[in-house]
Amino acid sequence: MRRAGARSKSKLGRLGERIAARHLADEGYEILDRNWRVGRLEIDLVIRAADTVAFVEVKTRRSGVQAPEEALSRAQRARIRRAAGAWLSRHPGAATEARFDLVAVEVDHRGACRVQHIRDAFYGDDA
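Under my numbering, the residues of the sequence shown are numbered 1054 to 1180, in order.
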């Protein structure tokens, strides 16, 4: 029973990441990386517009559960910051500015989605 729920949650997460990437591309962002990993750290999406790179966490939830934008914990923010530092060190000169964004995807019982791109969702020094 737990395994089915985990698979369902994983499928929902992958769906949300595809929706978020499409939404950001439609907004004019260049997708540089998807599910970029270093060790045990991961960044869902790395995007660029002009000279700014954004490290994007995608949170996907079904309607009626916790709002996706409320699901980013302090520990997750710290891991994303560490991963972003590693990404930047491996891509010198990729950007003059960087920020941390969140894309909240909420899926209702009919399968319709609400997508919200929150720029500067958190900062590099907010512990």
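The beta-carbon is built from N, C-alpha and C at its ideal position, and this holds for glycine as well.
For Leu1141, the enclosing alpha helix (DSSP H) starts and ends at 1127-1143. Nearest neighbour of Asp1154 by Cα position, chosen from Arg1067, Arg1071, Thr1105, turns out to be Thr1105. Taking a contact as a CB-CB distance under 8 Å, the pair Gly1177 and Arg1134 counts as one, their CB atoms being some 6 Å apart. Taking a cut-off of 8 Å for Cβ pairs, the stretch 1146-1153 and the stretch 1098-1112 touch, as three or more such pairs fall below it.
The beta-carbon distance between Ala1137 and Ile1096, rounded to whole angstroms, is 7 Å. This is short enough to meet the 8 Å contact definition. Secondary structure at Arg1163: coil, using DSSP grouped into helix, strand and coil. Nearest to Lys1064 by alpha-carbon distance, out of Val1160, Gln1169, Arg1167, is Val1160. Per DSSP, the beta bridge partners of Glu1083 are Arg1101. Taking C-beta separations shorter than 8 Å and ignoring five residues to either side along the sequence, the partners of Ile1100 in its chain run Leu1077, Tyr1082, Glu1083, Ile1084, Leu1085, Val1106, Ala1107, Val1109, Asp1154, following chain order.
Here the alpha carbons of Val1091 and Ser1142 stand approximately 12 Å from one another.
In the displayed model, Arg1093 falls within coil according to three-state DSSP, outside both helix and strand. When the beta-carbon positions are compared, Ala1074 and Leu1125 stay at least 9 Å from each other. DSSP places Ala1073 in the helix class (H, G or I) of the three-state scheme.
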